[in-house]
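The sequence shown maps to residues 1 to 328 in full-length UniProt numbering.
Cβ coordinates follow ideal geometry from the N, Cα and C atoms, glycine included.
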Amino acid sequence: MKEESTFFSVIIPVYNRPHELDELLNCLTRQIYRHFEVLIIEDGSLISSKEVVDQYATQLDIHYYFKENGGQGFARNYAFERAKGDFFVILDSDALVEATYLEEVAIGIREKNIDLFGGPDKDHVSFTPIQKAISFSMTSLFTTGGIRGKEKNVGGTFHPRSFNMGISRKVWEATQGFKITRMGEDIEFSIRCLSLGFTSALLPKAFIYHKRRTDFAQFYKQLHFFGRARINISRFFPNELKWVHFFPACYLLGVIFVLLSLIILPSLGKYLAGLVLLYWLGIIIDALFQTKSLKITILGLIAANIQLIAYGQGFLEEAWKKITSKPS
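This is the structure we're talking about:
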């Protein structure tokens, strides 16, 4: 890009992840597009990232802030208040980016004339097999309905997610940032931006490599939280609860019903189990096609089941809490 007219503020909240932040900052030093600053918001971490940030003081226009822990949504707001950019780019601290990342963002927002963008995520060659399996599960049509990282999907309008998203200064001034600090704060924010008439788009070339969780236990906790968050979002925007969001809960209840049927009525149970196996076959074929690895495919099937069961459980628990809670 010959003309660097847009000044970006790259905003990275961090909580106890200095090593991962180091890797991301190293990526930012190699950006082709140089017209940007970096704001690190240490959100009450017990393991400080200050020394890591100081190492990049001569390579980046970088600013470090420490605040009491208040959650990532409010940490981003804290950065918005201090950012100097025309456009704010939000990244998770466990991300990696190519040297062309900001250049692709600049091209995308200029050509599409948008105020809000989101980018997809991919797995990196350095990721462990479990990380690659989780990455597959989180992006597969068979598990998410294609609602993550795709502009057209069965979940309706594309809503940028905060692991890789950006907003114009106008959006910040109109919205004053995140309304809630966690449990679906990014989706609530995206929906609110669109309701105010701001334009949004997916920038396919502005992708990141997202590490997500490194083991299945952490992945289960994260997806259980995501399921709860979806119900939390419906408290603000009831019409945004689509059929695809019910699928994990239906899958969980369906698996329980199949297991009970195998005990109580084996003939029916075997038929229903066959349908589940057919669904698993679809996941396996998709994983083989996407990953080209038998090991990652097997891990991908495990990850898919953890994802659906954990999300479904969190979804049902939070839905029950919503139904039984007394109106305030």
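Beta bridge pairing from DSSP links residue 121 with 208. Rounded to whole angstroms, the Cβ separation of residue 173 and residue 73 is 17 angstroms, and the two are not in contact under 8 angstroms. Between residue 45 and residue 15 a beta carbon distance of about 5 angstroms is seen, short of the 8 angstroms cut, so the two are scored as contacting.
Nearest Cα to residue 206 within the set 104, 19, 241: 104. 8 angstroms or more divides the Cβ of residue 161 from the Cβ of residue 175. When DSSP states are grouped into helix, strand and coil, residue 224 belongs to the helix group. Just measuring C-alpha positions, the residue of 324, 129, 203 sitting nearest residue 302 is 129. With fewer than 16 other Cβ atoms inside 10 Å of its own Cβ, residue 271 counts as exposed. Contact between the stretch 264-280 and the stretch 220-232 is absent: fewer than three C-beta pairs spanning the two stretches fall below 8 angstroms. For the pair residue 86 and residue 210, the CB atoms are not nearer than the 8 angstroms cut-off. With a contact defined as Cβ atoms closer than 8 angstroms, residue 227 and residue 313 qualify at about 7 angstroms. By alpha-carbon distance to residue 99, the top candidate from 52, 189, 25, 296 is 25. Put simply, the stretch 136-145 touches the stretch 289-309. At least three CB pairs are less than 8 angstroms apart. Residue pairing by DSSP places residue 166 opposite 89, 117 in a beta bridge. The C-alpha of residue 21 lies about 19 angstroms from the C-alpha of residue 77. Contact between residue 122 and residue 201 does not hold, since the beta-carbon distance rounds to 19 angstroms and is not under 8 angstroms. A straight-line Cα-Cα distance of about 10 angstroms links residue 308 and residue 315.
Taking C-beta atoms as the reference points, residue 38 and residue 208 fail to come closer than 8 angstroms. Excluding sequence positions up to five before and after residue 237, its CB lies within less than 6 angstroms of the CB of 191, all in the same chain and listed in chain order. About 6 angstroms separates the CB atoms of residue 53 and residue 62; that is less than 8 angstroms, so the two are in contact.
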